[in-house]
Amino acid sequence: MVESVSILGSTGSIGRQTAAVAEHLGLRVAALTANRQTELLEQQARRFHPEFVAVYEESAANALKIALADTDVRVGSGMTGLLEAATLSSTDCVVTAVSGAVGLKPTLSAIREQKRIALANKETLVCAGEIVMREAEACGAEIIPVDSEHSAIFQCLSGRGEDPYRTGSRNPELKKILLTCSGGPFRGRQRSELHDITPAQAVRHPRWNMGAKISVDSATLMNKGLEFIEAMRLFAVDPDDITVLVHPQSVIHSMVELVDGTVIAQLGVPDMGLPIQYALTWPQRMPSMFDRLDFTSLGAMTFEAPDLVNFPCLQLAQDCARKGGTFGCVMNAANEEAVHLFLKEKLGFNQIYDVTAETVEALGADNADTLDVILDADSAARHFVHEKIGA
Ligand SMILES: NC(=O)c1ccc[n+]([C@@H]2O[C@H](COP(=O)([O-])OP(=O)(O)OC[C@H]3O[C@@H](n4cnc5c(N)ncnc54)[C@H](OP(=O)(O)O)[C@@H]3O)[C@@H](O)[C@H]2O)c1
Numbered sequence: 007m008v009e010s011v012s013i014l015g016s017t018g019s020i021g022r023q024t025a026a027v028a029e030h031l032g033l034r035v036a037a038l039t040a041n042r043q044t045e046l047l048e049q050q051a052r053r054f055h056p057e058f059v060a061v062y063e064e065s066a067a068n069a070l071k072i073a074l075a076d077t078d079v080r081v082g083s084g085m086t087g088l089l090e091a092a093t094l095s096s097t098d099c100v101v102t103a104v105s106g107a108v109g110l111k112p113t114l115s116a117i118r119e120q121k122r123i124a125l126a127n128k129e130t131l132v133c134a135g136e137i138v139m140r141e142a143e144a145c146g147a148e149i150i151p152v153d154s155e156h157s158a159i160f161q162c163l164s165g166r167g168e169d170p171y172r173t174g175s176r177n178p179e180l181k182k183i184l185l186t187c188s189g190g191p192f193r194g195r196q197r198s199e200l201h202d203i204t205p206a207q208a209v210r211h212p213r214w215n216m217g218a219k220i221s222v223d224s225a226t227l228m229n230k231g232l233e234f235i236e237a238m239r240l241f242a243v244d245p246d247d248i249t250v251l252v253h254p255q256s257v258i259h260s261m262v263e264l265v266d267g268t269v270i271a272q273l274g275v276p277d278m279g280l281p282i283q284y285a286l287t288w289p290q291r292m293p294s295m296f297d298r299l300d301f302t303s304l305g306a307m308t309f310e311a312p313d314l315v316n317f318p319c320l321q322l323a324q325d326c327a328r329k330g331g332t333f334g335c336v337m338n339a340a341n342e343e344a345v346h347l348f349l350k351e352k353l354g355f356n357q358i359y360d361v362t363a364e365t366v367e368a369l370g371a372d373n374a375d376t377l378d379v380i381l382d383a384d385s386a387a388r389h390f391v392h393e394k395i396g397a
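End of the sequence shown = 397 in this note's numbering, gap-free, step of one.
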């Protein structure tokens with residue numbers, strides 16, 4: 007179990023839940039960061055007494071500096087601030103709860119300082135997973151998944167093969183991953199019925215209360231596509247070793263089929279607090295403050311194949327996963343920009359796929375050897391989307 011945490015994205019959905027879990031476990035909070043929500047960040051700073059806070063937006067950071075002038079909390083800004091929060095010598099675990107590829111550089115810096123990474127920010131692994139996992143292995147840094155599906159897979163693999171099982175290597179007892187998916191708020195609908203979906207409708211998820219970007223990704227099924235690539239990187243498996251299964255009740259958070267045909271599942275209430283806590287206490291388990299599963303009131307658990315025709319983002323992500331190179335990175339960046347434009351009502355719901363697919367087609371490339379190639383591909387994809395939409 008870790009003793010202190012830096013929470014990158016502490017004002018978001020995962021970040022707030024992480025702060026509550028850290029308080030419950032009695033962990034020291036070393037650093038907190040946000041993009042621009044300074045009011046909440048100030049409240050968190052006064053409650054958790056971190057030594058350092060960072061706000062990505064410069065002007066918001068200046069406002070926070072003034073607000074916290076009566077404390078001894080240091081305030082940083084921009085990418086430099088995120089990097090400092092990720093590498094403080096007084097922290098032993100960095101929770102990456104920012105949304106988007108902005109999490110990549112701080113994650114790599116924390117890995118180089120051998121921090122434990124409690125990884126919520128899946129975009130980092132989609133964008134540059136091979137480089138990140140290679141670096142983690144070279145530096146001896148632990149990457150523990152926070153995403154509920156990947157935490158479930160990790161828990162199912164723990165204690166099998168080498169003990170404790172670590173991410174980044176293929177577990178010798180693993181045959182296949184069964185990645186579960188709620189199906190999102192529009193499961194069962196035709197693509198032709200989705201063109202006038204509004205941001206308010208798209209962010210209303212039936213099972214999980216999440217940030218806006220991941221909620222839209224869940225509605226398009228891009229989230230499952232990102233998780234597909236995340237699972238390949240974390241567990242060192244091929245695309246053919248992962249099957250996506252729609253399980254609308256979200257009670258089973260994912261499963262593994264072992265080489266002898268046994269299937270192991272991880273079940274729990276749909277509450278992100280549980281995988282967050284496990285990432286902080288691993289390899290131990292500690293009592294938690296969360297609800298328990300009541301099997302007598304569960305009802306039926308159902309499973310079906312995902313609808314790749316009406317929700318083509320998942321197919322696109324699987325294709326990009328197979329192609330490798332910069333395809334995942336380009337897809338991730340284009341999707342991120344398209345989702346932001348959709349949330350600002352500058353793009354229709356179905357256009358998120360159209361624009362992302364067009365960007366992948368135009369810019370995806372086989373070579374992704376260095377971080378510079380990845381970062382260039384990421385910014386070219388964002389530029390392409392904005393040129394295309396004229397936004
Ligand atoms: N929510 C979930 O249940 C869930 C489950 C599994 C995985 N995840 C993953 O966890 C990550 C966070 O998701 P979330 O739902 O917690 O998102 P969220 O509620 O939107 O929170 C995002 C956090 O990141 C900060 N942030 C956003 N853009 C930033 C930037 N450019 N620079 C620095 N900080 C920035 C935000 O600051 P402000 O508040 O100032 O904007 C906020 O603290 C995502 O990668 C998501 O895919 C989330």
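Every residue, glycine too, gets a C-beta built ideally from N, C-alpha and C.
Note that this is a predicted model, so its numbers are computed, not measured.
Consult DSSP for residue i and reduce its assignment to one of helix, strand or coil.
{"i": "L110", "result": "helix"}
{"i": "M261", "result": "strand"}
{"i": "P281", "result": "helix"}
{"i": "Q324", "result": "helix"}
{"i": "E364", "result": "helix"}
{"i": "L349", "result": "helix"}
{"i": "G82", "result": "strand"}
{"i": "S10", "result": "strand"}
{"i": "R34", "result": "strand"}
{"i": "P318", "result": "helix"}
{"i": "F58", "result": "strand"}
{"i": "R172", "result": "coil"}
{"i": "V269", "result": "strand"}
{"i": "E148", "result": "coil"}
{"i": "T102", "result": "strand"}
{"i": "V132", "result": "helix"}
{"i": "T287", "result": "helix"}
{"i": "A397", "result": "coil"}
{"i": "D77", "result": "Inspection of the sequence shows that residue 77 is occupied by Thr rather than by Asp. In the structure shown, T77 sits in coil (DSSP, three-state: anything other than H, G, I, E or B)."}
Quick one: Cα of residue i to Cα of residue j, how far?
{"i": "I137", "j": "C145", "result": "12 angstroms"}
{"i": "G330", "j": "R53", "result": "44 angstroms"}
{"i": "A66", "j": "A271", "result": "44 angstroms"}
{"i": "N68", "j": "V35", "result": "22 angstroms"}
{"i": "F317", "j": "A323", "result": "11 angstroms"}
{"i": "A340", "j": "V391", "result": "6 angstroms"}
{"i": "R195", "j": "I183", "result": "27 angstroms"}
{"i": "A327", "j": "D297", "result": "36 angstroms"}
{"i": "E179", "j": "D244", "result": "15 angstroms"}
{"i": "E393", "j": "P293", "result": "51 angstroms"}
{"i": "S303", "j": "S154", "result": "22 angstroms"}
{"i": "T332", "j": "G189", "result": "27 angstroms"}
{"i": "W214", "j": "P276", "result": "7 angstroms"}
{"i": "E199", "j": "R193", "result": "11 angstroms"}
{"i": "L273", "j": "A306", "result": "14 angstroms"}
{"i": "F234", "j": "A75", "result": "45 angstroms"}
{"i": "V315", "j": "E119", "result": "44 angstroms"}
{"i": "E148", "j": "T24", "result": "18 angstroms"}
{"i": "R80", "j": "V132", "result": "32 angstroms"}
Given the structure, does residue i come close to ligand 1, in the sense that its CB is under 7 angstroms from one of the ligand's heavy atoms?
{"i": "A297", "result": "Inspection of the sequence shows that residue 297 is occupied by Asp rather than by Ala. Not so, every heavy atom of ligand 1 lies at least 7 angstroms from the Cβ."}
{"i": "I4", "result": "Only positions 7 to 397 of the chain appear in the structure, and residue 4 is not among them; the question remains open."}
{"i": "G15", "result": "yes"}
{"i": "N127", "result": "yes"}
{"i": "M278", "result": "yes"}
{"i": "K181", "result": "no"}
{"i": "K219", "result": "yes"}
{"i": "Y359", "result": "no"}
{"i": "R328", "result": "no"}
{"i": "D153", "result": "yes"}
{"i": "R42", "result": "yes"}
{"i": "M216", "result": "yes"}
{"i": "A416", "result": "Residue 416 lies beyond the stretch modelled for the chain, which goes from 7 to 397, so this question has no answer here."}
{"i": "S83", "result": "no"}
{"i": "L88", "result": "yes"}
{"i": "S256", "result": "no"}
{"i": "Y62", "result": "yes"}
{"i": "A103", "result": "yes"}
{"i": "G3", "result": "It is not possible to answer for residue 3, since the shown part of the chain is limited to 7 through 397."}
{"i": "T93", "result": "no"}
Report yes or no: do the stretch 282-298 and the stretch 156-174 share at least 3 C-beta pairs separated by less than 8 angstroms? yes
Does the structure place the stretch 344-361 close enough to the stretch 379-387 that three or more beta carbon pairs sit under 8 angstroms? no
Are the stretch 45-62 and the stretch 123-130 touching by the rule of at least three beta carbon pairs closer than 8 angstroms? Because the criterion of three Cβ pairs below 8 angstroms is not met, the stretch 45-62 and the stretch 123-130 do not touch.
Is the number of C-beta pairs between the stretch 238-251 and the stretch 167-180 that are closer than 8 angstroms three or more? yes
Any 3 or more C-beta pairs closer than 8 angstroms across the stretch 248-259 and the stretch 86-93: no
Contact between the stretch 333-348 and the stretch 356-376 is defined here as three or more beta-carbon pairs at a separation below 8 angstroms; is this criterion met? Flag = yes, the stretch 333-348 and the stretch 356-376 touch.
Unbroken stretches of the alpha helix (DSSP H), 4 residues or longer, contained in the stretch 189-250: 205-208, 218-226 and 228-241
Are the stretch 13-23 and the stretch 100-109 in contact at 8 angstroms, needing three or more beta carbon pairs? yes
Take every Cβ of the stretch 195-211, pair it with every Cβ of the stretch 220-236, and state whether three or more of those distances are shorter than 8 angstroms. yes
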